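Inspection log for the structure reproduced underneath, given as structure tokens.
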Amino acid sequence: MAPKQRSARQPRPKPVLEVAGLRAAIDAPPVDLSLQPGTTLTFFGNQPAALSRLLDVLAGFLPQLGGIITVSGNDVTSRAPAERRMRIVSPRDPLFPHLDLRDNIAFGLRASRQNRTEARAAAGRMISLLGLDGIAGLRPAELSPEQSLRARLARALVTSPDVLLLDDPLHTLDPHAARRIPILLGTLSRALNLSVIQSVSRREDALRGGGEIAVFHDNRLLQCADAARLYDRPDCVEVAILFGETNTLPGQVLGIDDDVARVHLACGGIVDAVAAENLTEGQECLVCVRPDRISPFFGAQGLGMDEEGEAPVRGILTDSTHLGNHIRMRVRCAEGTEIELRRPPLQAQKIPVPGTAVQLAWPAAHATAFPPGTGMY
Numbered sequence: 037m038a039p040k041q042r043s044a045r046q047p048r049p050k051p052v053l054e055v056a057g058l059r060a061a062i063d064a065p066p067v068d069l070s071l072q073p074g075t076t077l078t079f080f081g082n083q084p085a086a087l088s089r090l091l092d093v094l095a096g097f098l099p100q101l102g103g104i105i106t107v108s109g110n111d112v113t114s115r116a117p118a119e120r121r122m123r124i125v126s127p128r129d130p131l132f133p134h135l136d137l138r139d140n141i142a143f144g145l146r147a148s149r150q151n152r153t154e155a156r157a158a159a160g161r162m163i164s165l166l167g168l169d170g171i172a173g174l175r176p177a178e179l180s181p182e183q184s185l186r187a188r189l190a191r192a193l194v195t196s197p198d199v200l201l202l203d204d205p206l207h208t209l210d211p212h213a214a215r216r217i218p219i220l221l222g223t224l225s226r227a228l229n230l231s232v233i234q235s236v237s238r239r240e241d242a243l244r245g246g247g248e249i250a251v252f253h254d255n256r257l258l259q260c261a262d263a264a265r266l267y268d269r270p271d272c273v274e275v276a277i278l279f280g281e282t283n284t285l286p287g288q289v290l291g292i293d294d295d296v297a298r299v300h301l302a303c304g305g306i307v308d309a310v311a312a313e314n315l316t317e318g319q320e321c322l323v324c325v326r327p328d329r330i331s332p333f334f335g336a337q338g339l340g341m342d343e344e345g346e347a348p349v350r351g352i353l354t355d356s357t358h359l360g361n362h363i364r365m366r367v368r369c370a371e372g373t374e375i376e377l378r379r380p381p382l383q384a385q386k387i388p389v390p391g392t393a394v395q396l397a398w399p400a401a402h403a404t405a406f407p408p409g410t411g412m413y
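So in the working numbering, the last spot in the sequence shown is 413, and the numbers never skip.
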């Protein structure tokens, strides 16, 4: 019997876009990132204007102050926008008001001297693909915000770019349209092997992108990872705050054992948390724990200190609000620290009135202790 042959490992595809040492502004540190074919990378941060500028620099509409941009193996750093194999959809590039939808979509092909018949035929295929059948003769002023976005997507895609850049595409849409467009982009990505970089101003929109998320603070790239890692293992306090909307609780490290730090919190209580890199015993620190990871225990019966030396955080419930998919609660500790919790709506009937004493606890794996000097606050 012939021995089984070991299957050869498939080589990782080369990135369709590579950015090395790119500086988009005078005060911006260099940015390094890459985009794999057929994937979506989402920019999310506290300054949407900085993300818009970065996209304009990638597209070639603004100059970079250093770095190299490579598309499909070709250095496009010094090339004009039309020669970069990238197309951008942004509020700064609206549809032409004097052209109908079909001619707007065909414009890029006509500008590259493709004949009118072929250009309009290609535009027709994009009209069908983007769900714009029946309104091809309308002018931009007659389109809804969602129809306008679909038309601008079609105008960008009709030229078959290697990379599609989207500048906060969901910002002006109503909630229902904002849920439909990511589904459409996913369908287009699979059908066209589309590679996308998009910037968004809302965390919910970043999550709907489905791929990796690059989190920025101002012009600085903090971390690029999938949503699960950004939530559960943020690299720094800024990521935990910007993306995870975490509670940040100051304290002092009592000890570290097997990458788990025991921390005496300033608001009271002794808790365990995953120790971030460079954290040492005796240091002051910030413990980051997301609102949905905290469990409340109400009533006079306390948790007390457990056999391992943990003591719960104690406080008073100040308010609770039903927000549809969760209950938001706020707890104030004795020295004034406020902690936010989010619990499933099924627990709404179990929440007592404001003023009730409460104790808080969470698993060590659901919190991270960062050394001082790494936070925004």
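Note that the Cβ used here is the ideal one computed from N, Cα and C, for glycine as well.
Nothing here was measured: the structure is a model prediction, and the numbers come from that model.
Handout entry: residue 270 versus residue 55: straight-line alpha-carbon distance, rounded
Key = The residue you call residue 270 lines up with position 234 of the sequence shown. The residue you call residue 55 lines up with position 19 of the sequence shown. Roughly 23 Å separates the two Cα atoms.
Determine the contact status of residue 63 and residue 122, defining contact as a CB-CB distance below 8 Å.
-> Position 27 of the sequence shown, counted from the first residue, corresponds to residue 63. Position 86 of the sequence shown, counted from the first residue, corresponds to residue 122. For residue 63 and residue 122, no; Cβs fall outside 8 Å.
From which residue to which residue does the alpha helix (DSSP H) around residue 150 run? As a position in the sequence shown, residue 150 is number 114, starting the count at 1. It is not in any alpha helix (DSSP H) - residue 150 carries neither H nor E in the DSSP assignment.
Exposure of residue 313, with buried meaning 16 or more beta-carbon neighbours within 10 Å: For the purposes of this step, residue 313 is identified with residue 277 of the sequence shown, where counting begins at 1. Per the 10 Å Cβ criterion, exposed.
Taking only three categories from DSSP, how would you classify residue 357?
The residue labelled residue 357 in the question sits at position 321 within the sequence shown. Of the three classes helix, strand and coil, the one that applies to residue 357 here is strand, per DSSP.
Taking a contact to mean a Cβ-Cβ separation below 8 Å, would you say residue 359 touches residue 390 in this structure? Counted from its first residue, the sequence shown places residue 359 at position 323. Counted from its first residue, the sequence shown places residue 390 at position 354. No. Outside cutoff.
Worksheet entry | Assumed close pair residue 108, residue 52 - CB separation to whole angstroms, cut-off 8 Å | The sequence position of residue 108 within the sequence shown is 72, counting from 1. The sequence position of residue 52 within the sequence shown is 16, counting from 1. So it is a contact: roughly 6 Å between Cβ atoms.
- Task: For residue 213, collect the residues of the same chain with a Cβ closer than 6 Å to its Cβ; drop the 5 residues on either side in sequence, then sort them by chain order.
- Result: For the purposes of this step, residue 213 is taken as residue 177 along the sequence shown, with counting starting at 1. 182, listed in sequence order.
Q. CA-CA distance, residue 135 and residue 222?
A. Within the sequence shown, numbered from 1, the residue matching residue 135 stands at position 99. Within the sequence shown, numbered from 1, the residue matching residue 222 stands at position 186. Those two C-alpha atoms are separated by around 29 Å.
Please list, in chain order, all residues of the same chain as residue 57 whose beta carbon is under 7 Å from its beta carbon, the five residues on each side excluded. Translated into positions along the sequence shown, residue 57 becomes position 21. Taken in chain order, the residues that qualify are 66, 68, 102, 103 and 104.
Taking a contact to mean a Cβ-Cβ separation below 8 Å, would you say residue 187 touches residue 206 in this structure?
Mapped onto the sequence shown, residue 187 falls at position 151. Mapped onto the sequence shown, residue 206 falls at position 170. No, the pair does not count as a contact, with Cβ atoms beyond the cut-off.
Looking at the unbroken alpha helix (DSSP H) that takes in residue 223, where does it start and where does it end?
Here residue 223 refers to the residue found at position 187 of the sequence shown. Residues 211-228.
**Q.** Per-residue DSSP class, three states only, for residue 2
**A.** Past the edges of the chain, shown from 37 to 413, lies residue 2, and the structure says nothing about it.
> Thinking just about the alpha-carbon of each residue, which of 236, 316, 96 and 240 is nearest to the one in residue 83?
Replying inline: Sequence index remark: in the sequence shown, residue 83 carries index 47 (1-based). Checking every option, the nearest Cα to that of residue 83 belongs to 236.
Query raised in the report: So, using beta-carbon positions, are residue 200 and residue 193 closer together than 8 Å?
Result: One-based indexing of the sequence shown puts residue 200 at position 164. One-based indexing of the sequence shown puts residue 193 at position 157. Cβ atoms of residue 200 and residue 193: closer than 8 Å.
Boundaries of the alpha helix (DSSP H) in which residue 93 is found, first to last residue: Taking the sequence shown and counting its residues from 1, one reaches residue 93 at position 57. It spans 84-95 - the alpha helix (DSSP H) in which residue 93 sits, taken as one unbroken run.
Only counting runs of 4 or more residues, tell me where the alpha helix (DSSP H) segments fall wholly within the region 234-287, in order along the chain. 239-244, 263-268 and 273-278
Please name the residue in 75, 86, 72 and 49 whose C-alpha comes closest to that of residue 254. In the sequence shown, the residue the question calls residue 254 occupies position 218. Minimum Cα distance to residue 254 is reached at 86.
Check: Buried or exposed: residue 394, going by 16 or more other Cβ atoms within 10 Å of its Cβ?
Finding: Stepping through the sequence shown from its first residue, residue 394 is reached at position 358. Looking at its Cβ environment, which holds 16 or more other Cβ atoms inside 10 Å, residue 394 is buried.
Problem - Simplified DSSP assignment, three categories, for residue 193 - result: Your numbering for residue 193 matches position 157 in the sequence shown. If DSSP states are grouped into helix, strand and coil, residue 193 belongs with the helices.
Using 10 angstroms around the beta-carbon of residue 80, count the other beta-carbons present and answer buried if the total reaches 16, otherwise exposed.
Looking up residue 80 in the sequence shown gives position 44. Residue 80 should be labelled buried.
Query - residue 171 versus 149, 147, 48 and 140, residue with shortest Cα-Cα distance - result: Numbered from 1 along the sequence shown, position 135 holds the residue referred to as residue 171. It is 140 whose Cα lies nearest to the Cα of residue 171.
Using alpha carbons as the reference points, say which of 368, 75 and 93 lies closest to residue 60. Numbered from its first residue, the sequence shown carries residue 60 at position 24. Out of 368, 75 and 93, 93 has the C-alpha closest to the C-alpha of residue 60.
Original post:
With burial defined as no fewer than 16 other Cβ atoms inside 10 Å of the residue's Cβ, what is the status of residue 274: buried or exposed?
Top reply: Your numbering for residue 274 matches position 238 in the sequence shown. By the 10 Å Cβ count, residue 274 comes out buried.
Extent of the continuous beta strand (DSSP E) run through residue 126: For the purposes of this step, residue 126 is taken as the residue at position 90 of the sequence shown. No beta strand (DSSP E) holds residue 126; DSSP gives it neither H nor E.
Where does residue 116 sit, in a helix, a strand or coil, going by DSSP?
The count along the sequence shown starts at 1 and reaches residue 116 at position 80. Note: residue 116 maps to coil in three-state DSSP.
Given a threshold of 16 other Cβ atoms within 10 Å of its Cβ, counted over all protein chains shown, does residue 96 qualify as buried or as exposed? Walking along the sequence shown from the start, residue 96 turns up at place 60. The residue in question, residue 96, is buried, as its Cβ has 16 or more Cβ neighbours within 10 Å.
Problem set entry | For residue 146 and residue 152, the rounded distance between their alpha carbons | As a first step, residue 152 must be located in the sequence shown, where it is residue number 116. As a first step, residue 146 must be located in the sequence shown, where it is residue number 110. Going from the Cα of residue 152 to the Cα of residue 146 covers about 7 Å.
query: Where does residue 164 sit, in a helix, a strand or coil, going by DSSP?
result: Translated into positions along the sequence shown, residue 164 becomes position 128. Here residue 164 sits in helix by DSSP.
Q. Could you give the distance in angstroms between the alpha-carbon of residue 159 and the alpha-carbon of residue 179?
A. On the sequence shown, residue 159 is found 123 positions in, with the first residue counted as 1. On the sequence shown, residue 179 is found 143 positions in, with the first residue counted as 1. About 17 Å.
_Cα-Cα separation, residue 106 to residue 191_ = Residue numbering aside, residue 106 sits at position 70 when the sequence shown is read from its first letter. Residue numbering aside, residue 191 sits at position 155 when the sequence shown is read from its first letter. Rounded to whole angstroms, residue 106 to residue 191 spans 23 Å at the Cα level.
* Asked: In chain order, what residues of the same chain have a beta carbon less than 6 Å from the beta carbon of residue 259, not counting five sequence neighbours either side?
  -> Locating residue 259 in the sequence shown gives position 223, counting from the first residue. Taken in chain order, the residues that qualify are 251, 271 and 275.
Which listed residue (295, 301 and 386) has its alpha carbon closest to that of residue 335
As a working note, residue 335 is residue 299 in the sequence shown. Residue 335 has its Cα closest to that of 386, out of 295, 301 and 386.
message: Taking 6 Å as the limit between beta carbons, can you name the residues of its chain near residue 244, skipping five residues before and five after?
response: Sequence index remark: in the sequence shown, residue 244 carries index 208 (1-based). Excluding residues within five positions, the ones whose Cβ falls inside 6 Å are 218.
To the nearest whole angstrom, what separates the beta carbons of residue 299 and residue 405, a pair I think is in contact under 8 Å? In the sequence shown, counting from the first residue as 1, residue 299 sits at position 263. In the sequence shown, counting from the first residue as 1, residue 405 sits at position 369. So it is a contact: roughly 6 Å between Cβ atoms.
Review point. If residue 292 sits next to residue 315, beta carbons under 8 Å apart, how far is it from one beta carbon to the other, in whole angstroms?
Key: Working through the sequence shown from its first residue, we reach residue 292 at position 256. Working through the sequence shown from its first residue, we reach residue 315 at position 279. Rounded, the Cβ-Cβ distance is 7 Å, consistent with contact.
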